[in-house]
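Visitor: Note that the UniProt record's numbering has the sequence shown beginning at 8, numbered continuously upward. The beta carbon of each residue, even a glycine, is placed where N, CA and C say it ideally should be.
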Amino acid sequence: PAPALPVTAAPELPDPNTFLRQHVREGLSRPFKTLSSMYFYDDEGSRLFQQIMALPEYYPTRTEFGLLTHHRAAISRALRPQDPAESFFLLELGAGDGLKTKILLRELLETGASFTYVPVDISAAALEGLATSLRAELPELRVEPVVADYADALRLMAGRPGRKAVLFLGSNIGNFLPPDRHRFLLNLAQPLTSDDRLLIGFDLQKDPRRIRAAYDDSQGVTAAFNFNLLRRLNRELGADFDLGHWQHYTDYDPLDGAVRSFLVSTRAQTVRFAKLEWTVEFRAWEMIHTENSYKFTEAIIGELAEEAGLRVADFFTDEQDFFADVLLRR
Ligand code: AVI
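#1: Ends of the beta strand (DSSP E) at K171?
#2: Could you name the residues that DSSP lists as bridge partners for V154?
#3: Pick helix, strand or coil for Q197, following the three-state DSSP scheme.
#4: Determine whether the beta carbon atoms of P126 and F330 lie at a separation below 8 Å.
#5: Give me the residue from R37, L311, D50 and L75 with the minimum Cα distance to L195.
#6: For A61, does the three-state DSSP call read helix, strand or coil?
#7: Quick one, are the C-beta atoms of D258 and R290 less than 8 Å apart?
#8: Does the beta-carbon distance from Y48 to I129 come in below 8 Å?
#9: Counting along the chain, where does the alpha helix (DSSP H) carrying I207 start and finish?
#10: Is H78 helix, strand or coil by DSSP?
#11: Sort S53, T123 and A246 by Cα distance to M45 and report the nearest one.
#12: Starting from I295, trace the beta strand (DSSP E) both ways and give me its first and last residue.
#13: For S36, count neighbouring C-beta atoms within 10 Å of its own C-beta (all shown protein chains included) and say buried if the count is 16 or more, exposed if not.
#14: Quick one: complete alpha helix (DSSP H) runs, 4+ long, within the stretch 22–59?
#15: Would E310 pass as an interface residue toward chain D - the criterion being a Cβ-Cβ separation below 8 Å?
#16: Pull up the CB-CB distance for E64 and D224, whole angstroms please, since I reckon it's below 8 Å.
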């Protein structure tokens, strides 16, 4: 049987608020203020992201769901060891609600694969929801949820003997800046052996208007998701952001394939962070850059794989070429 994985993050982790405090001080002291989209995902942010995924304008989730459904047999075959008796870990980074993954989980179970599903997410609430739904829908599945960020998940993975198939779906890879993405892929590839598999979801470059609309929906859910970052700073750092004086703004730059999202201060204002004993000045129309969502081409994906010492073994896409789930291996 496969060795057991720990079910919680490493105990020596410092209070996550320490990182948030440092990050906010550093990011809001820059000439162009910035905050990382990593901090979107508290429980409220994860809930809003669930809503985003169901929006008519937000095509990535629906498209990836369709392509996983269509290619489920081939993808599952590519992920699992050939010998059905050989057990493996199916580790998923940023598992969220696992809706798309369930397509693969069902297929693997139906074809007699022997595996343990290890969903990793930074939202404990999202993971609890996932574990509950899996117990009800797939009671025979072995599940070992881990509350951790990507860095801890990578450490966890590196320290695990045994065969692994790693999932990183939903174009989460698009949220890294290029140098961070390179480092992340190197770290992800490093513990993989030639027996292991990696499946990464990439949102592909397409009609720029369609891309931009996905990040500026008509119901304002994406705006609420962006504003939640300010709400979070109000809650956790005692800040006094007045949301009446902020706007959500987003743009797509086809030159580098990046959607960039911002929070815009609609007037000159001072924000106080009570828990940091610190104040920040914003000019009228000054912005906080809060997110990058890169879009890819097949050629770029090939280069990224090569730079990480991996090769593209399979390229699964939908019929409109909107999205790709790419199977990588050593
Ligand atoms: C999680 N990530 C892949 C989403 C994206 O498309 O970049 C986050 C998101 N931000 C706004 N809408 C969705």
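Guide: This is what the structure gives:
#1: For K171, the enclosing beta strand (DSSP E) has its first and last residue at K171 to F175.
#2: Bridge partners of V154: D128.
#3: Coil.
#4: Not in contact: P126 and F330 (Cβ atoms no closer than 8 Å).
#5: Among R37, L311, D50 and L75, the Cα nearest to that of L195 belongs to L311.
#6: In this structure, A61 counts as coil in the three-state DSSP scheme.
#7: Taking 8 Å as the Cβ cut-off, D258 and R290 do not qualify as a contacting pair.
#8: The answer is yes: Cβ separation under 8 Å.
#9: Premise fails: I207 lies in the beta strand (DSSP E), R204 to D210, not in any alpha helix (DSSP H).
#10: Note: H78 maps to coil in three-state DSSP.
#11: Nearest of S53, T123 and A246 to M45, Cα basis: S53.
#12: Segment M294 to Y301, the beta strand (DSSP E) holding I295.
#13: S36 is exposed by the Cβ-count criterion.
#14: Along the stretch 22–59, the alpha helix (DSSP H) occurs as fully enclosed runs of 4 or more residues at 23–34, listed in sequence order.
#15: As a matter of chain content, chain D is missing from the structure shown, which is built from one protein chain.
#16: Contact between E64 and D224 holds: their C-beta atoms lie close to 4 Å from each other, under 8 Å.
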